[in-house]
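Taking it in order: structure first as structure tokens, then the write-up.
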Amino acid sequence: MEKEYKLREAREQDEPPPISLPSRVAGSGTLDRLVETARDYARQAASENTLKAYAKDWAHFARWCRMRGADPLPQSPQLIGLYVADLAAPGGKAPALSVSSIERRLSGLTWGYAQRGERLDRKDRHIATVLAGIRRKHARPPAQKEAILPEDLRDMLATLPHDLRGLRDRAILLIGFAGGLRRSEIVSLDHGKDDTPDSGGWIEIMEDGTLITLRGKTGWREVEIARGSADQTCPVHALTQWLHYARIDFGPLFVAVSRNGLKATGERLSDKHVARLIKACARDAGLRPDLPEKERVALFSGHSLRAGLASSAEVGERYIQKQLGHASAEMTRRYQRRRDRFRVNLTKAAGL
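With the numbering used here applied, the sequence shown corresponds to residues 4 to 355, in that order.
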């Protein structure tokens with residue numbers, strides 16, 4: 004009875020109830036250990052950033068319900084339809100969300116209800132018809148981050164200092180660009196296999212380049228990063244220089260540097276460091292001088308490196324798709340920005 008009360012109490016709060024034994028099963032040392040193991044696996048079902056975002060989505064919805072005298076549980080398509088409408092056209096000072104942001108919120112609610120043992124049917128007419136109307140009235144082309152092209156990257160590298168931090172950040176930018184890596188993938192790398200429990204992959208430096216074994220969104224994959232034509236822009240050279248002077252031969256690949264800049268710590272960098280690094284270097288390099296500084300900085304993010312590789316590498320599309328780890332060619336084409344723009348002239352081909 005007490006266990007059922009606690010589960011019910013958890014369902015009414017923002018936090019989902021933990022995985023536990025059925026109420027009719029008596030606990031034991033072996034079963035309790037398996038419960039903890041199952042909880043660990045459940046935490047690995049999605050990336051940390053995704054889980055944080057979903058938790059925020061649920062907390063926002065739960066707070067929205069409480070402020071209107073409603074209860075988020077059990078799930079109600081009618082109530083969620085009203086919530087979605089309020090996100091698109093809020094009555095107060097809160098800004099209206101884009102269609103993509105609203106769809107992300109719905110994904111978070113779907114996750115939240117699933118964690119609480121309920122199923123949210125997004126195809127229910129109270130949700131689907133409202134969302135269809137929002138798409139029809141408010142949908143806009145997705146806002147894409149600016150691609151960092153090779154000439155841009157060279158200018159960005161020139162802004163970095165020639166110290167330990169500069170060596171690290173130079174390696175981050177070049178490895179991220181040449182590997183087409185997401186910012187979370189960059190900072191999750193270890194020096195070797197199974198170095199740390201939270202590893203997202205590891206590296207192997209070879210004569211012709213670096214092989215990265217990476218746990219991406221679509222599963223484990225290998226990313227080849229070949230040596231460049233000059234040391235100044237070679238990602239493999241930048242990486243070996245960082246590892247040598249930082250004395251890293253085990254554990255996280257990219258770590259923080261001490262305040263005096265003389266020693267690498269064992270603290271893995273956050274993926275936010277990559278985003279801040281790209282924005283700062285883009286600003287210092289004077290990219291997009293036609294725009295005010297605030298707008299210029301907002302144009303660039305971690306995805307700018309991936310888009311830059313896809314937009315500038317003159318190779319077959321399937322090679323770009325493999326490097327970026329995309330499941331479809333259509334997703335790769337979204338990243339290629341202006342590489343193939345007007346390459347095929349159908350107007351002339353038609354005889355005009």
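C-beta atoms are modelled at their ideal positions from N, C-alpha and C, and glycine is treated no differently. Values in this document were obtained by computation on a predicted structure and should not be read as measured data.
**Item:** For A267, the residue or residues it bridges with in DSSP
**Value:** Here residue 267 is taken as the residue at index 264 of the sequence shown, counted from 1. Answer by DSSP bridge pairing, in chain order: V260.
**Message:** Count Cβ pairs between the stretch 273-292 and the stretch 111-122 that sit closer than 8 Å; are there 3 or more?
**Reply:** Verdict: no, contact absent.
**Request:** Note down the Cα distance separating R336 from V28, rounded to an integer number of angstroms.
**Result:** Walking along the sequence shown from the start, residue 336 turns up at place 333. Walking along the sequence shown from the start, residue 28 turns up at place 25. Taken atom to atom, the span from the alpha-carbon of R336 to that of V28 is near 53 Å.
**Message:** Is the separation between the beta-carbon of L290 and that of D155 shorter than 9 Å?
**Reply:** Mapped onto the sequence shown, residue 290 falls at position 287. Mapped onto the sequence shown, residue 155 falls at position 152. At the C-beta level, L290 and D155 come within 9 Å of one another.
**Request:** Give the secondary structure of D198 by DSSP, where H, G and I count as helix, E and B as strand, and everything else as coil.
**Result:** Counted from its first residue, the sequence shown places residue 198 at position 195. Looking at D198 - three-state DSSP - the assignment turns out to be coil, as it is neither helix nor strand.
**Item:** Neighbour-count burial assignment, I208, 16 or more Cβ in a 10 Å radius
**Value:** Position 205 of the sequence shown, counted from the first residue, corresponds to residue 208. With fewer than 16 Cβ atoms within 10 Å of its Cβ, I208 is classed as exposed.
**Request:** Please work out which residues of its chain come closer than 7 Å, Cβ to Cβ, to L272, disregarding the five sequence neighbours upstream and downstream, and give them in chain order.
**Result:** Within the sequence shown, numbered from 1, the residue matching residue 272 stands at position 269. Closer than 7 Å at Cβ, skipping near neighbours: V190, F257, V258 and A259.
**Request:** Could you pull the start and end residues of the beta strand (DSSP E) that A330 belongs to?
**Result:** Taking the first residue of the sequence shown as 1, we reach residue 330 at position 327. Looking at the DSSP string, A330 is not in any beta strand (DSSP E), and its letter there is neither H nor E.
**Asked** Hey, is the stretch 166-182 in contact with the stretch 224-237, meaning 3+ C-beta pairs nearer than 8 Å?
**Response** Segments in contact, yes.
**Request:** Please say whether V87 and V38 have beta carbons closer to each other than 9 Å?
**Result:** Indexing the sequence shown from 1 puts residue 38 at position 35. Indexing the sequence shown from 1 puts residue 87 at position 84. No, the pair does not count as a contact, with Cβ atoms beyond the cut-off.
**Message:** Give me the residue from R168, G195 and F303 with the minimum Cα distance to R262.
**Reply:** Walking along the sequence shown from the start, residue 262 turns up at place 259. Selected option, being the one with the closest Cα: R168.
**Spatial distance of A131 from I323 (CA atoms)** = One-based indexing of the sequence shown puts residue 131 at position 128. One-based indexing of the sequence shown puts residue 323 at position 320. Rounded to the nearest angstrom, the two C-alpha atoms are 35 Å apart.
**Item:** Whole runs of the alpha helix (DSSP H) within the stretch 27-113, excluding any shorter than 4 residues
**Value:** DSSP runs (the alpha helix (DSSP H)) wholly in the stretch 27-113: 32-46, 51-70 and 80-91.
**Request:** Starting from L217, follow its DSSP beta bridges and name the residues at the other end.
**Result:** For the purposes of this step, residue 217 is taken as residue 214 along the sequence shown, with counting starting at 1. Per DSSP, G204 and R224.
**Request:** Report buried or exposed for M334, applying the criterion of at least 16 other Cβ atoms within 10 angstroms of its Cβ.
**Result:** Along the sequence shown, read from residue 1 onward, the residue named residue 334 stands at position 331. Sixteen is the threshold: since fewer than 16 other Cβ atoms of the shown chains lie within 10 Å of the Cβ of M334, the residue is exposed.
**Message:** I need the straight-line Cα distance from A142 to R66, nearest angstrom please.
**Reply:** The residue you call residue 142 lines up with position 139 of the sequence shown. The residue you call residue 66 lines up with position 63 of the sequence shown. Going from the Cα of A142 to the Cα of R66 covers about 26 Å.
**Prompt:** By DSSP, does D193 sit in helix, in strand, or in coil?
**Reply:** Against the sequence shown, residue 193 aligns to sequence position 190. For D193, the secondary structure class from DSSP, reduced to helix, strand or coil, is strand.
**Request:** Take the Cβ of W223 as the centre, count every other Cβ of all protein chains shown within 10 Å, and call the residue buried at 16 or more, exposed below.
**Result:** Walking along the sequence shown from the start, residue 223 turns up at place 220. Exposed, because fewer than 16 other Cβ atoms sit within 10 Å of the Cβ of W223.
**Asked** Do you know offhand how far L123's Cα is from P98's?
**Response** In the sequence shown, the residue the question calls residue 123 occupies position 120. In the sequence shown, the residue the question calls residue 98 occupies position 95. Rounded to whole angstroms, L123 and P98 show a C-alpha spacing of 26 Å.
**Asked** Which same chain residues, not among the five before or five after R11, have their C-beta less than 6 Å away from its C-beta?
**Response** By one-based count along the sequence shown, residue 11 stands at place 8. Note that R11 scores a pLDDT of 46, beneath 50, so its modelled location is shaky; the value from the coordinates is reported in the next line. Same-chain partners within the cutoff: there are none.
**Prompt:** For G357, which beta-bridge partners are listed by DSSP?
**Reply:** Since the first residue of the chain shown is 4 and the last is 355, residue 357 is not available in this structure.
**Item:** Limits of the unbroken alpha helix (DSSP H) element including I178
**Value:** Counting from one through the sequence shown, the residue named residue 178 turns up at place 175. Where I178 is concerned, the enclosing alpha helix (DSSP H) stretches over L167 to G182.
**Request:** Indicate the three-state DSSP secondary structure (helix, strand or coil) for P255 in the structure shown.
**Result:** Translated into the one-based positions of the sequence shown, residue 255 becomes position 252. P255 falls in the strand class under three-state DSSP.
**Prompt:** V277 lies in the alpha helix (DSSP H); which residues open and close that run?
**Reply:** Position 274 of the sequence shown, counting from 1, holds the residue named residue 277. Residues D274 to D287.
**Request:** Would you check if there are 3 or more beta carbon pairs closer than 8 Å linking the stretch 247-256 to the stretch 191-202?
**Result:** Short answer: they touch.
**Request:** Report the residue from A161, A229 and W114 whose alpha carbon sits nearest the alpha carbon of A288.
**Result:** The residue you call residue 288 lines up with position 285 of the sequence shown. Closest by alpha carbon: A161.
**Asked** For W205, which residues of its own chain have a beta-carbon under 6 Å away from its beta-carbon, when the five flanking residues on both sides are left out?
**Response** Here the question's residue 205 lines up with position 202 in the sequence shown. Cβ contact annotation for W205 (same chain, cutoff 6 Å, sequence separation greater than five): D193, G195, K196 and T216, in chain order.
**Prompt:** Taking contact to mean at least 3 C-beta pairs separated by less than 8 Å, is the stretch 88-95 in contact with the stretch 35-52?
**Reply:** Remark: fewer than three beta-carbon pairs, one from each stretch, lie closer than 8 Å, so the stretch 88-95 and the stretch 35-52 are not flagged as touching.
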